[in-house]
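What follows is a single structure, written as structure tokens, with notes after it.
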Amino acid sequence: MQTNATYAPRLATSSAFSVESRNGRPDFELAAALQKVSPKQQSKAQKTATDFEAMFLNSMFAQMTSGLKGEGPFGDTPGTGVWRSMLTEQYSKNFANAGGVGIARDVYRTLITQQAKTIRSA
């Protein structure tokens, strides 16, 4: 069985999401797009991608905990509902900032390649 490290893309030094390879193969399209897009735009795309993943994870965590009943922090009382929503929001932000589940990388790649195409056609 192969580990996740086999599938993980290598990271370039310019950005946390600057992927040199994709699925074990060089990602020449992204490399070319990164040459056209300014570092400021890259940083903004990175933040947008991470925020998008955090939103997705928040929705997933909210669904995951919505059916919990009983007592304690995940109980079914009026106060715990508000607390649970704040907890899942913080969990989702921490997960996304720590690397998430991989959604942000693909969103970042898409944003950068779209921006590069816009620059080329302008």
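Numbering (the numbering used here), first residue to last: 7 to 128.
Quick reminder that beta carbons are idealized off the backbone N, C-alpha and C, glycines included.
Predicted model, so just to flag it, every value in this text is computed and none were measured.
Can you tell which of the options has its C-alpha closest to the C-alpha of residue i?
i      : options                        : result
Met92  : Ser65, Pro45 and Phe34         : Ser65
Phe58  : Ile125, Asn103 and Ser44       : Asn103
Ala110 : Ala39, Ala38 and Gln48         : Gln48
Glu95  : Thr124, Pro45, Met70 and Ser44 : Met70
Ile125 : Val88, Ser44 and Phe34         : Ser44
Quick test of your reading: residue i and residue j, contact by CB under 8 Å. State the CB separation rounded to the nearest angstrom.
i      : j      : result
Trp36  : Thr119 : Going by the sequence as given, residue 36 is Leu instead of Trp. Yes, Leu36 and Thr119 are in contact; Cβ-Cβ is about 7 Å, under 8 Å.
Leu117 : Ala68  : That belief does not hold up - the Cβ atoms of Leu117 and Ala68 are roughly 25 Å apart, past 8 Å.
Lys53  : Ala122 : Not a contact, Cβ separation roughly 18 Å.
Ser98  : Ala60  : 5 Å
Quick one: what's got a C-beta closer than 6 Å to residue i's C-beta in the same chain, skipping five residues either side?
i      : result
Arg31  : none
Ala11  : Confidence is the limiting factor: at Ala11 the pLDDT is only 37, short of 50, which leaves the residue's position unreliable, though a coordinate-based value still follows. Counting only Cβ-Cβ distances below 6 Å, and skipping sequence neighbours, we find nothing.
Ala51  : Tyr114, Leu117 and Ile118
Gly106 : Glu59
I need the boundaries of the alpha helix (DSSP H) containing residue i, first residue and last residue.
i      : result
Lys50  : Pro45 to Thr71
Leu74  : Here Leu74 belongs to no alpha helix (DSSP H), and DSSP marks it neither H nor E.
Ala38  : Phe34 to Lys42
Ala104 : Here Ala104 belongs to no alpha helix (DSSP H), and DSSP marks it neither H nor E.
Could you pull out every residue in the same chain whose Cβ sits closer than 7 Å to the Cβ of residue i, ignoring the five residues on either side in sequence?
i      : result
Asn100 : none
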